[in-house]
Structure formats: C-alpha cells, structure tokens
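Structure first, commentary second.
Residue numbers (my numbering): 1416 to 1735.
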C-alpha cells in the first residue's frame, strides 16, 4: 500500500543559492514510513503539478523527512508535456513554514548496494540522494570518496555539512574555480569490489556512462536521457485482472489508454523518469523508453513504465 498523507513544513531554509531545504513532519507527530538511501517522494502540489524529490535526511529519523528543491524558474525544461507552472517555483514562492503539503511515497529505484568500496560523483542538486548514501557507507566501514561539482561554490548545497562530517573524503569542485569535473581522475584505479554511484545533470551522467563500465555504475536521472517518442505502431493491451482488452493507438500512451478505460493507476511524471507507473508484464515484450529500469531489468521484460514504453509486437498482458 502506497503511503500518502499531508505533512507539515517544520523548517524551511536555504541550503545553497537557489536550493531550498524543507523538513516535513506528520501534523500529529506520527512516525513516517521507513526509507533507504536513494529513495524519493512525490510532492502533490496541485492538479497536474506533481514533482519527485530525493530524501536527503537521516533514514533512522522516522519523525521527519528532508528534501531539497532547486529553483528552476522556467519550470521543468524539456518536458514532453508542458506544465502550467513550475513545481520548483511553486515550492520556493508559495510553501512556507507551517504549511501542509501532500506527499506520496517513498519509492526507491537508486538503492545503495553492499560493496567494499564506493566512488560517488554528484553534480548540482544530484547531491541529494548521495548524502544519505555517504552516511550509510561510513557506517558500514566501506572505503569511499565523493567528487561533488556545481556551477559555483555558492550554488552547491550542503557543502558545510559535508566538510564537517567527512573532511578530505569529499572533493568539492566548483566549475568557476576548477573547471569541469575530472572524471578520468575520479574513475582512475578502480579496484575489484568498487561500485560507482552518480547523480546529476544529464550531461554528467552521459559522460560517466561513456567512461565507466556499466556493470559497476549506478545512476539516477531526473529526466530521460532522450525525449521518448510518444508514438508507435498500434497494439493491444490485455488487463489481466479484468480480462479487458484495450487498443493502444499510435499516438496514445498505455497509461492514457488505461486511464481512459476507467482503470485507476498511480502515475506522476508521465515522462519515464520517476518509476511511479511501473507495472508488471505477464506476457509480451515491452519497448522500453524510460530512464528508470536497468539494462538487466529491460532485458528481463518483467515490468515496464506505462507512461512512455510501448510494445515490441502486437500484444501485451499487464497485471492491471
């Protein structure tokens, strides 16, 4: 059962220039669901205005959740479905201490896997899911280091917290001081048993995927690597729980076809980047167009993100 509730904004503070950190608590003091490093929640800001933000606080603290929101005045750039207003601008301008905000989650598609050694690379607001990973790696006694870049030192969130807790394990690399991140140096000398975790803008993730072996690299994208094509050949979707068969037209997504048939499903971003609409595939071969599933998960074909992915063939049977 997915947790959804109204939480109170207990604290509102700037973690960096243009980065607003919010601490959320249950209005009655109830414990919040547990989570692991890499998890995110949805902020349900209004009709058609839902955004995902990584939890960047302490997973052991069941009393509060912390998120950080980078202000993007133009709203979500590059979205295939233009938004009436930017979610980040809404949070910065309208959410105040004491306000209630509706949340859903948490969900995790970026889990920290056990390893003897880690290399963490973060760009900009991509530091948010990495923060609790560092604490977990430290607690586990793993050997780790972090390379953290941003436009300027003022725009990089939580730098004081990082320096105070971890010292020289963290390398800060503001672009206006040091130039672009030296990824070659960050990935030099990787020994067996090392996992590499990276989160940040698409250009950073693309560069990491070019330089780092896929089997040891774990990334989380805030947006798809490429805008997924919304169209494709017509096909059928069978809803296994009801036995209904739907026809998905070339210019209609599976999600839209399912919702038009009156079937309620959870969804949020509609662009294949949040994982909310992930659905089990019982028969057929999905045409994956998301940026959430790993290559192994895509090859297995056991789930798909129905907001963007389609069918390689004429028929899919979904657990809906």
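We put the beta carbon where it would ideally sit given N, CA and C, even for glycine. All values reported here derive from a predicted model rather than from experimental measurement.
If you run the structure through DSSP and keep just helix, strand and coil, what is residue i?
{"i": "residue 1721", "result": "coil"}
{"i": "residue 1668", "result": "coil"}
{"i": "residue 1556", "result": "coil"}
{"i": "residue 1656", "result": "coil"}
{"i": "residue 1709", "result": "coil"}
{"i": "residue 1582", "result": "helix"}
{"i": "residue 1547", "result": "helix"}
{"i": "residue 1472", "result": "coil"}
{"i": "residue 1729", "result": "coil"}
{"i": "residue 1595", "result": "coil"}
{"i": "residue 1477", "result": "coil"}
{"i": "residue 1699", "result": "coil"}
{"i": "residue 1506", "result": "helix"}
Can the beta-carbon of residue i be found less than 8 Å from the beta-carbon of residue j?
{"i": "residue 1652", "j": "residue 1527", "result": "no"}
{"i": "residue 1717", "j": "residue 1695", "result": "yes"}
{"i": "residue 1692", "j": "residue 1680", "result": "yes"}
{"i": "residue 1502", "j": "residue 1464", "result": "yes"}
{"i": "residue 1532", "j": "residue 1650", "result": "no"}
{"i": "residue 1524", "j": "residue 1690", "result": "yes"}
{"i": "residue 1622", "j": "residue 1598", "result": "yes"}
{"i": "residue 1661", "j": "residue 1648", "result": "no"}
{"i": "residue 1620", "j": "residue 1735", "result": "no"}
Closest to residue i by CA distance: which of the options is it?
{"i": "residue 1634", "options": "1687, 1707, 1419", "result": "1707"}
{"i": "residue 1632", "options": "1716, 1709, 1595", "result": "1709"}
{"i": "residue 1470", "options": "1662, 1439, 1666", "result": "1439"}
{"i": "residue 1385", "options": "1468, 1622, 1686", "result": "Only positions 1416 to 1735 of the chain appear in the structure, and residue 1385 is not among them; the question remains open."}
{"i": "residue 1544", "options": "1474, 1559, 1507", "result": "1474"}
{"i": "residue 1616", "options": "1650, 1684, 1690, 1538", "result": "1538"}
{"i": "residue 1425", "options": "1597, 1481, 1605, 1529", "result": "1481"}
{"i": "residue 1442", "options": "1423, 1427, 1429", "result": "1423"}
{"i": "residue 1541", "options": "1444, 1483, 1723, 1630", "result": "1483"}
{"i": "residue 1559", "options": "1574, 1585, 1627", "result": "1585"}
{"i": "residue 1529", "options": "1549, 1536, 1675", "result": "1549"}
{"i": "residue 1604", "options": "1676, 1705, 1534", "result": "1534"}
{"i": "residue 1476", "options": "1547, 1600, 1735", "result": "1547"}
{"i": "residue 1723", "options": "1731, 1704, 1713", "result": "1704"}
Could you tell me the alpha carbon to alpha carbon distance between residue i and residue j, rounded to whole angstroms?
{"i": "residue 1699", "j": "residue 1711", "result": "17 Å"}
{"i": "residue 1479", "j": "residue 1664", "result": "44 Å"}
{"i": "residue 1625", "j": "residue 1727", "result": "27 Å"}
{"i": "residue 1520", "j": "residue 1683", "result": "11 Å"}
{"i": "residue 1715", "j": "residue 1630", "result": "16 Å"}
{"i": "residue 1522", "j": "residue 1510", "result": "23 Å"}
{"i": "residue 1421", "j": "residue 1673", "result": "28 Å"}
{"i": "residue 1445", "j": "residue 1427", "result": "20 Å"}
{"i": "residue 1500", "j": "residue 1686", "result": "Unreliable placement is indicated for residue 1500, whose pLDDT of 42 sits below 50; the coordinate value is still reported in the next sentence. If you take the alpha carbons of residue 1500 and residue 1686, they lie about 17 Å apart."}
{"i": "residue 1656", "j": "residue 1505", "result": "39 Å"}
{"i": "residue 1719", "j": "residue 1627", "result": "26 Å"}
{"i": "residue 1596", "j": "residue 1575", "result": "20 Å"}
{"i": "residue 1636", "j": "residue 1485", "result": "15 Å"}
{"i": "residue 1658", "j": "residue 1697", "result": "13 Å"}
{"i": "residue 1429", "j": "residue 1564", "result": "18 Å"}
{"i": "residue 1577", "j": "residue 1566", "result": "17 Å"}
{"i": "residue 1713", "j": "residue 1472", "result": "31 Å"}
{"i": "residue 1721", "j": "residue 1730", "result": "14 Å"}
{"i": "residue 1417", "j": "residue 1688", "result": "18 Å"}
{"i": "residue 1606", "j": "residue 1536", "result": "17 Å"}
{"i": "residue 1594", "j": "residue 1508", "result": "32 Å"}
{"i": "residue 1419", "j": "residue 1487", "result": "26 Å"}
{"i": "residue 1600", "j": "residue 1618", "result": "18 Å"}
Is any heavy atom in the ligand PLP found nearer than 7 Å to the beta carbon of residue i?
{"i": "residue 1596", "result": "Among the components of this structure there are no ligands whatsoever, and the ligand PLP is therefore not found."}
Quiz item: Can we say the stretch 1602-1611 touches the stretch 1584-1591, given the rule of at least three CB pairs closer than 8 Å?
Solution: no
Quiz prompt | Stretch pair the stretch 1419-1436 + the stretch 1565-1574: three plus CB contacts closer than 8 Å | solution = yes
Practice problem: Inspect the CB distances between the stretch 1575-1584 and the stretch 1504-1514 and report whether three or more fall short of 8 Å. | Solution: no
Quiz item: Hey, is the stretch 1552-1563 in contact with the stretch 1460-1467, meaning 3+ C-beta pairs nearer than 8 Å?
Solution: no
Quiz item: Is there contact between the stretch 1667-1680 and the stretch 1441-1460, where contact requires at least three CB pairs shorter than 8 Å?
Solution: no
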